[in-house]
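Residue numbers (the working numbering), protein chains in the order written: chain A, 34 to 455; chain B, 34 to 455.
Working notes for the structure below.
Protein chains: 2
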Amino acid sequence: MARLVMKFGGTSVADIDHIRNVARHVRREVDAGHQVAVVVSAMSGATDQLIGWCAAALSNRQIFDAREYDAVVATGEQVTAGLLAIVLQDMDVNARSWLGWQLPILTSDAHTSARILEVNGSELIRRFAERQEVAVIAGFQGVYQQTGRITTLGRGGSDTSAVAIAAAIRADRCDIYTDVDGVYTSDPRVVPRAQRLDKIAFEEMLELASLGAKVMQVRSVELGMVHNVRIFVRSSFDRPEDIDPRGNPPGTLICDEGEIVEQQVVTGIAFSRDEAQISVRQVEDKPGVAAAIFGPLAEANINVDMIVQNVSADGKTTDLTFTVPAADYQRALDVLVAAKPAIGYARLDGATDVAKVSVIGIGMRSHAGVAAKAFRALAERAINIRAITTSEIKFSLLIDAAFTELAVRTLHSLYGLDKATA
Amino acid sequence: MARLVMKFGGTSVADIDHIRNVARHVRREVDAGHQVAVVVSAMSGATDQLIGWCAAALSNRQIFDAREYDAVVATGEQVTAGLLAIVLQDMDVNARSWLGWQLPILTSDAHTSARILEVNGSELIRRFAERQEVAVIAGFQGVYQQTGRITTLGRGGSDTSAVAIAAAIRADRCDIYTDVDGVYTSDPRVVPRAQRLDKIAFEEMLELASLGAKVMQVRSVELGMVHNVRIFVRSSFDRPEDIDPRGNPPGTLICDEGEIVEQQVVTGIAFSRDEAQISVRQVEDKPGVAAAIFGPLAEANINVDMIVQNVSADGKTTDLTFTVPAADYQRALDVLVAAKPAIGYARLDGATDVAKVSVIGIGMRSHAGVAAKAFRALAERAINIRAITTSEIKFSLLIDAAFTELAVRTLHSLYGLDKATA
Chain A
34 MARLVMKFGG TSVADIDHIR NVARHVRREV DAGHQVAVVV SAMSGATDQL
84 IGWCAAALSN RQIFDAREYD AVVATGEQVT AGLLAIVLQD MDVNARSWLG
134 WQLPILTSDA HTSARILEVN GSELIRRFAE RQEVAVIAGF QGVYQQTGRI
184 TTLGRGGSDT SAVAIAAAIR ADRCDIYTDV DGVYTSDPRV VPRAQRLDKI
234 AFEEMLELAS LGAKVMQVRS VELGMVHNVR IFVRSSFDRP EDIDPRGNPP
284 GTLICDEGEI VEQQVVTGIA FSRDEAQISV RQVEDKPGVA AAIFGPLAEA
334 NINVDMIVQN VSADGKTTDL TFTVPAADYQ RALDVLVAAK PAIGYARLDG
384 ATDVAKVSVI GIGMRSHAGV AAKAFRALAE RAINIRAITT SEIKFSLLID
434 AAFTELAVRT LHSLYGLDKA TA
Chain B
34 MARLVMKFGG TSVADIDHIR NVARHVRREV DAGHQVAVVV SAMSGATDQL
84 IGWCAAALSN RQIFDAREYD AVVATGEQVT AGLLAIVLQD MDVNARSWLG
134 WQLPILTSDA HTSARILEVN GSELIRRFAE RQEVAVIAGF QGVYQQTGRI
184 TTLGRGGSDT SAVAIAAAIR ADRCDIYTDV DGVYTSDPRV VPRAQRLDKI
234 AFEEMLELAS LGAKVMQVRS VELGMVHNVR IFVRSSFDRP EDIDPRGNPP
284 GTLICDEGEI VEQQVVTGIA FSRDEAQISV RQVEDKPGVA AAIFGPLAEA
334 NINVDMIVQN VSADGKTTDL TFTVPAADYQ RALDVLVAAK PAIGYARLDG
384 ATDVAKVSVI GIGMRSHAGV AAKAFRALAE RAINIRAITT SEIKFSLLID
434 AAFTELAVRT LHSLYGLDKA TA
């Protein structure tokens with residue numbers, strides 16, 4: 034017997050037929066003798082409608098009260114939770130719905146993007162044991178204890194709910210049912226020979242997620258890492274009937290690196306074409322210059338990613354290069370032009386036809402020369418590297434956008450990630 | 034300065050434009066210096082959709098878990114409350130939404146038709162005083178304290194919420210905004226000279242409501258009577274701009290009879306054509322016979338209304354006559370045929386082409402001969418009276434359905450209720 038959290042997103046609960054399919058997945062695990070807590074999102078489209086109403090409610094002000102927005106939007110998950118409980122009962126599975134304030138799931142008071150502070154899982158554990166009752170929990174929401182107001186967790190909130198609940202009930206695993214069947218070594222649309230990973234370490238998944246692999250939100254992976262919750266990413270499209278509860282279902286387990294016996298040096302190749310590069314030429318090499326550049330950009334809500342500053346050659350001036358999202362490129366230049374007197378630079382250079390390619394793997398920590406291999410391979414294909422940044426388990430290269438696919442496929446082969454051809 | 038509850042039903046909050054109109058009504062009262070709590074229903078159609086989903090969720094069982102149904106259905110009012118709070122804030126009116134569990138509104142555990150046990154109004158009163166904050170309360174719902182589960186109040190629940198909240202915050206008045214502009218002396222579609230009452234006593238309204246005048250549910254009037262909450266029925270279609278906050282808006286005040294200075298003998302004439310008459314002939318005149326007849330009908334969920342039993346002429350047998358809803362007529366006969374051995378009667382007579390006309394007025398208590406006047410007037414028009422029942426402030430007559438309009442108009446004139454012609 035295991036204790037499981039099963040999380041289903043909006044497309045998996047889009048209507049009653051989909052909810053019935055979810056219920057069959059749940060019953061499969063219950064029939065296998067497991068204790069189950071289910072976390073559900075709003076029916077797809079429901080949240081957009083609720084947000085649309087909130088927006089339409091304004092005619093004078095620019096933004097709505099976040100507390101009221103949360104009260105309105107949280108109803109989406111409440112409806113799904115109640116309906117899934119009814120469907121489960123209809124299938125003779127003992128079930129009960131739970132809202133954020135009922136457990137409770139205590140959060141900060143940052144309405145619309147609250148942070149989970151504490152989840153009380155004791156009542157759920159008692160009911161698992163005494164009534165074999167499945168808990169159906171409304172994801173994406175909690176309550177701020179001091180005011181008793183409903184809060185929502187923001188983007189990807191239901192994943193975060195699931196992982197936090199898994200930690201609170203000490204679940205053996207948190208199954209994230211999603212529209213892909215796991216985490217891949219690279220984007221299969223660009224790399225046909227990309228393959229699904231059986232396991233990936235939390236740290237690696239964090240890098241992949243923050244680099245734009247959309248499988249899971251960064252914060253839910255972080256939470257899993259902190260509480261050591263094993264997260265299993267699997268497909269919600271598998272028919273419940275086809276899954277052998279005693280077999281190994283297809284999917285990717287995100288877990289502690291210690292659980293991964295045969296660690297590859299490189300786990301995956303991520304890339305992003307949505308980048309723009311800005312170089313600030315000949316700024317004075319003195320304390321406070323970086324702050325003078327990046328302070329105004331942060332105030333303008335422009336997200337700066339790669340930052341490269343080389344050691345000054347003459348001890349007087351240096352060049353700073355960084356990347357911003359392509360959509361913010363012109364705005365970033367405007368900010369820097371306005372801040373020129375405070376920064377003091379000779380010239381601004383920029384380019385929007387650039388891409389970032391990243392190589393991720395915990396094994397890099399203990400293997401020398403991993404990056405050097407990449408530089409060589411790319412040079413052989415005449416791919417120019419514009420900038421390089423590295424961290425313990427990742428290095429990123431800025432290249433001309435035209436070479437993205439070639440670079441990603443080259444690196445994917447180079448590190449032995451290609452799946453064997455049939 | 035007064036303290037007001039304003040209640041708006043589903044058609045008054047059907048979409049954002051309607052909600053904005055409601056907000057203008059609220060602001061009018063706030064601008065006049067009043068403290069305001071608003072009670073809202075779900076957007077019209079929303080509740081039906083939620084109920085439809087619950088029904089669709091079943092494929093094996095016949096009924097759904099009432100706790101889960103309540104959790105799903107209560108979201109309708111939650112959405113409206115949040116949206117109205119946002120719209121009010123957009124109009125620079127300080128406002129905050131409240132759900133049943135937040136105040137809390139404590140109820141019994143009779144899910145789907147819970148009874149309000151206690152409403153805590155202290156936080157609202159504090160906020161009226163300290164922040165001039167309007168409370169926007171989700172109607173129709175509460176919470177069962179022992180389980181922390183959401184309950185709903187059933188049909189007309191939002192009216193009941195409004196009156197209970199008015200009692201809890203000691204409101205000067207509870208305004209029910211509805212699709213009619215008040216309570217009339219009779220149905221204007223049948224009696225063109227019917228006129229709106231300025232005031233009506235709780236007891237009279239109770240009789241009118243239970244006789245099918247659809248303005249307010251019986252239970253909310255009862256609650257108003259018990260807690261002496263003055264209820265003002267008024268139109269939600271009046272444009273807020275057209276109402277002089279210092280004038281007397283059109284509508285009907287339901288209040289204690291002591292507040293009605295010039296009490297009419299008769300306040301209104303109600304009628305119902307949806308009746309069927311059943312006579313049980315020559316039942317033995319002994320204890321237990323009434324129970325033998327009405328017990329099986331109650332078990333079959335058939336609502337028995339007028340009951341007439343005359344004193345036995347021979348001391349041995351008597352006739353019992355009563356009415357049932359026309360839709361239940363055949364079923365009621367079947368029940369009585371099946372119970373014949375236990376009851377012991379000679380014959381069943383019945384008729385479906387009958388109508389009940391009722392004359393209501395607190396003044397009857399102190400005026401003799403009120404009913405006698407009616408018998409005479411109807412006899413002059415050759416309207417045969419099949420049965421008569423009376424209570425302290427009402428008498429009802431069963432007549433042939435064909436004479437309904439004539440009888441109602443005759444009585445309406447007879448008791449001086451006709452409005453003066455222009």
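All residues carry an ideal CB built from backbone N, CA and C; glycine is no exception.
Would residue 138 of chain A and residue 175 of chain A qualify as a contact pair, given that the criterion is a beta-carbon distance under 7 Å? Yes, the pair counts as a contact, with Cβ atoms nearer than the cut-off.
Could you have a look at residue 373 of chain B and say whether DSSP puts it in helix, strand or coil? helix
Answer yes or no: does any C-beta atom of chain B fall closer than 7 Å to that of residue 348 of chain A? Residue 348 of chain A does not count as touching chain B.
Which residues bound the alpha helix (DSSP H) around residue 81 of chain B? 79-89
If you follow the beta strand (DSSP E) that residue 456 of chain B is part of, which residue opens it and which one closes it? Given a span of 34 to 455 for chain B in the structure shown, any question on residue 456 of chain B remains unanswerable.
Counting only Cβ pairs nearer than 8 Å, list the residues of chain B close to residue 93 of chain A. 123, 124 and 125
What's the gap between the Cα of residue 269 of chain B and the Cα of residue 123 of chain B? 21 Å
Where do the N-terminal and C-terminal ends of the alpha helix (DSSP H) with residue 333 of chain A fall, by residue? The continuous stretches of alpha helix (DSSP H) do not include residue 333 of chain A, and DSSP gives it neither H nor E.
Short of 8 Å in beta carbon distance, which residues of its chain neighbour residue 360 of chain A, apart from the five on each side in sequence? Order them along the chain. 307
Compute the Euclidean distance between the alpha carbons of residue 181 of chain A and residue 187 of chain B, then round it to the nearest angstrom. 26 Å
With DSSP run on the structure shown, which of helix, strand or coil describes residue 442 of chain B? Of the three classes helix, strand and coil, the one that applies to residue 442 of chain B here is helix, per DSSP.
Below 9 Å between beta carbons is the criterion; list the residues of the region 127-144 of chain A that meet it against any residue of chain B, in chain order. 128, 129, 130, 132, 134 and 135
Rounded C-alpha distance that separates residue 142 of chain A from residue 178 of chain B: 25 Å
Nearest CA to the CA of residue 358 of chain B: which residue from B:352, B:387, B:350 and B:345? B:387
Express the C-alpha separation of residue 237 of chain A and residue 287 of chain A in angstroms, rounding to a whole number. Distance between the alpha carbons of residue 287 of chain A and residue 237 of chain A: 9 Å.
For the beta strand (DSSP E) containing residue 383 of chain A, name the first residue and the last one. 380-393
Residues bridged to residue 175 of chain A by DSSP? A:184
Chain-ordered chain A contacts of residue 83 of chain B [CB-CB under 8 Å]: 112
Residue from A:355, A:161, A:343 and A:410 with nearest C-alpha to residue 37 of chain A: With distances taken between Cα atoms, residue 37 of chain A lies closest to A:161.
Just how far apart, CA to CA, sit residue 296 of chain B and residue 451 of chain B? Approximately 16 Å, taken between the alpha carbons.
If residue 92 of chain A and residue 46 of chain A are in contact, beta carbons under 8 Å, what's the gap, nearest whole angstrom? In fact, because the Cβ distance is near 33 Å, the residues do not count as touching under 8 Å.
For the alpha helix (DSSP H) containing residue 129 of chain B, name the first residue and the last one. Unbroken run through residue 129 of chain B is the beta strand (DSSP E), 128-131; no alpha helix (DSSP H).
Count the other C-beta atoms from every protein chain shown that fall within 10 angstroms of the C-beta of residue 34 of chain B, then say buried if there are 16 or more, exposed otherwise. exposed
Any beta carbon of chain A sitting closer than 7 Å to that of residue 116 of chain B? yes
Reduced DSSP category for residue 136 of chain A - H, G, I as helix; E, B as strand; rest coil: coil
Got a sec? Which residues, its chain only, sit under 6 Å from residue 56 of chain B by beta carbon, not counting five neighbours each side? Here the set comprises 120, 121 and 124.
Please name the residue, chosen from A:424, A:384, A:414 and A:389, that lies closest to residue 403 of chain A on a Cα-to-Cα basis. Looking at the Cα atoms, A:424 is the closest of the given residues.
Along chain B, which residues have their Cβ under 8 Å away from the Cβ of residue 98 of chain A? Close to residue 98 of chain A, with beta-carbon spacing below 8 Å, are these residues of chain B in chain order: 118, 119 and 122.
Using a Cβ-Cβ distance cut-off of 7 Å, determine whether residue 101 of chain B contacts chain A. yes
May I ask you to list, following chain order, the residues of the region 303-329 of chain B that have a beta carbon less than 9 Å from some beta carbon of chain A? none
Look at the Cβ atom of residue 90 of chain B, then the Cβ atom of residue 116 of chain A, and state whether they are nearer than 7 Å. yes
Using three-state DSSP, classify residue 238 of chain A as helix, strand or coil. helix
Anything in chain B within Cβ reach of residue 185 of chain A, meaning under 9 Å, just list it in chain order. Simply none; closest approach about 12 Å.
Closer than 6 Å by C-beta to residue 335 of chain A: which residues in its own chain qualify, once you throw out the five before and the five after it? Chain order, please. Contacts found: 357, 361 and 365.
Name, going along the chain, the residues of the region 334-360 of chain A whose beta-carbon falls closer than 7 Å to a beta-carbon of chain B. none
What number of angstroms, rounded off, separates the C-alpha of residue 167 of chain A from the C-alpha of residue 67 of chain A? Computed Cα separation, rounded: 10 Å.
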